[in-house]
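Novice: Under my numbering, the residue at position 97 of the sequence shown is numbered 110, and the numbers go up by one with no gaps. Ideal Cβ positions, reconstructed from N, Cα and C, are used throughout, including at glycine. Given the structure is predicted, the values throughout are model-derived calculations rather than measurements.
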Amino acid sequence: MLPPPETIAALALVAAVAYALFAITGFGAALLVVPALTFVLPLPVVLPVAVLLDVAAALMLGARVGRETCWPELKRMVPLSLAGAVCGVTEADCVSCGACVTACTYGAIELVDTPHGKKARVNPILCKGDGVCNAKCPTRAITLKHFTDEAIYHQIDAALSAP
Ligand code: SF4
Ligand code: SF4
């Protein structure tokens, strides 16, 4: 059964805002689209739909600004992205503050007991690779495996120089 028209209109608005954001920054649409779509579709359906939308948006963006691509950075990112968009924790740098656990909206991080005290650990099945935990960590102990700082700076530069 289809959701009511006002729900469809709200989802279309969220998708429009999300992909306007994607057009400016090159990422971030799934952060809005996935939670919104889960109101009307099960998560196992939403995730492949979000991936297809992101791939289509990335191809369109690539066709528009492909000449500005930083190829060395892309070469580093593609293999890691194919291997999975998950975070990693450098346990020696983790001070068990729990900021990442609170920040993760997917419940993908927990503090676990280790021989060196409690440390953050990421569940790669639940992690969606949005990088929210990464931004919150005060010691930079948690990092997105497929994004280097340089890649993030390139994306910020591209967003700021967008016409
Ligand atoms: S990248 Fe996002 S989904 Fe993955 S652990 Fe960090 S906050 Fe959670
Ligand atoms: S935010 Fe950083 S330091 Fe704090 S628990 Fe998470 S990984 Fe450890």
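Where ARG77 and LEU87 are concerned, what is the direct C-alpha to C-alpha distance, given to the nearest angstrom?
Specialist: Counting from one through the sequence shown, the residue named residue 77 turns up at place 64. Counting from one through the sequence shown, the residue named residue 87 turns up at place 74. Going by the C-alpha atoms only, they are around 17 Å apart.
Novice: Who does THR156 pair with in a DSSP beta bridge?
Specialist: The residue you call residue 156 lines up with position 143 of the sequence shown. DSSP lists GLY101 as partners of THR156.
Novice: Could you tell me the distance, in whole angstroms, from the CA atom of ALA29 to the CA atom of ASP126?
Specialist: Translated into the one-based positions of the sequence shown, residue 29 becomes position 16. Translated into the one-based positions of the sequence shown, residue 126 becomes position 113. If you take the alpha carbons of ALA29 and ASP126, they lie about 43 Å apart.
Novice: Taking the alpha carbon of ILE21 as the point to measure from, which residue in ILE37, TRP84, PHE40, THR51 has its own alpha carbon closest?
Specialist: Your numbering for residue 21 matches position 8 in the sequence shown. Of the candidates ILE37, TRP84, PHE40, THR51, the one whose C-alpha sits nearest the C-alpha of ILE21 is THR51.
Novice: Candidates THR103, ALA70, ALA116: which alpha carbon is nearest LYS141's?
Specialist: Against the sequence shown, residue 141 aligns to sequence position 128. Among THR103, ALA70, ALA116, the Cα nearest to that of LYS141 belongs to ALA116.
Novice: Give the DSSP-derived three-state secondary structure of GLY130 in the structure shown.
Specialist: The residue you call residue 130 lines up with position 117 of the sequence shown. Correct three-state label for GLY130: strand.
Novice: Could you give the DSSP three-state label for VAL59: helix, strand or coil?
Specialist: Locating residue 59 in the sequence shown gives position 46, counting from the first residue. VAL59 sits in a helix when the DSSP states are folded into three classes.
Novice: Please report how far the alpha carbon of ASN147 lies from the alpha carbon of PRO16, in whole angstroms.
Specialist: On the sequence shown, position 134 is the one that residue 147 refers to. On the sequence shown, position 3 is the one that residue 16 refers to. If you draw a straight line from the Cα of ASN147 to the Cα of PRO16, it comes to about 35 Å.
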